[in-house]
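So the structure is just underneath, and the comments pick up after that.
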Amino acid sequence: VGDSGGSFTTQLLSAGSFSMKNLKLYPNPVKDILNFSFDKEITLVSIYNLLGQEVQTKIINTNEGSIDTSSLAPGTYLLKIISNDLVKTAKIVKK
Numbered sequence: 001v002g003d004s005g006g007s008f009t010t011q012l013l014s015a016g017s018f019s020m021k022n023l024k025l026y027p028n029p030v031k032d033i034l035n036f037s038f039d040k041e042i043t044l045v046s047i048y049n050l051l052g053q054e055v056q057t058k059i060i061n062t063n064e065g066s067i068d069t070s071s072l073a074p075g076t077y078l079l080k081i082i083s084n085d086l087v088k089t090a091k092i093v094k095k
């Protein structure tokens, strides 16, 4: 049981994130529409406030897309991007 638990943890850590160099987010700071693109298929995009509460989510299932942030209050948010089993979090600023 200990071995399989350790392997599972290692697998999660190794597959947990991807490089930012192929991810494009623009404009940032964002006023209304945030555009994004990646060299692999983006499955899901979620926006979280700094309290960790999910405030918006959108299923993408393509390499590029956009999300409307016009309903969000100005401030700093965390954007969570899921590409298959990879996850990346980026900071965005809403004007």
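Residue numbers (our numbering): 1 to 95. No residue lacks a Cβ here, since even glycine has one placed at the ideal position from N, Cα and C.
Simplified DSSP assignment, three categories, for residue i
i: Lys31; result: coil
i: Lys95; result: coil
i: Asn61; result: strand
i: Val45; result: strand
i: Ser4; result: Confidence in Ser4 is poor, its pLDDT being 46 and thus under 50, which makes the residue's placement unreliable; the coordinate value appears in the next sentence. The answer is helix: DSSP assigns Ser4 an H, G or I state.
Contact set for residue i: own chain, Cβ-Cβ below 7 Å, skip 5 residues either direction
i: Gly75; result: Lys94
i: Asn35; result: Tyr26 and Ser66
i: Ile59; result: Leu44
Residue range of the beta strand (DSSP E) that includes residue i
i: Gln53; result: Gln53 -> no beta strand (DSSP E), and no H or E assigned at all.
i: Ser83; result: Gly75 to Ser83
i: Leu25; result: Lys24 to Tyr26
Contacts around residue i, its chain only, beta-carbon distance under 6 Å, and the 5 residues preceding and following it disregarded
i: Ser46; result: Glu54, Thr57 and Lys80
i: Thr89; result: Leu78 and Lys80
i: Ile82; result: Thr43 and Leu44
Beta-carbon proximity list for residue i, same chain, < 8 Å, skipping 5 on both sides
i: Asn61; result: Glu41, Ile42 and Thr43
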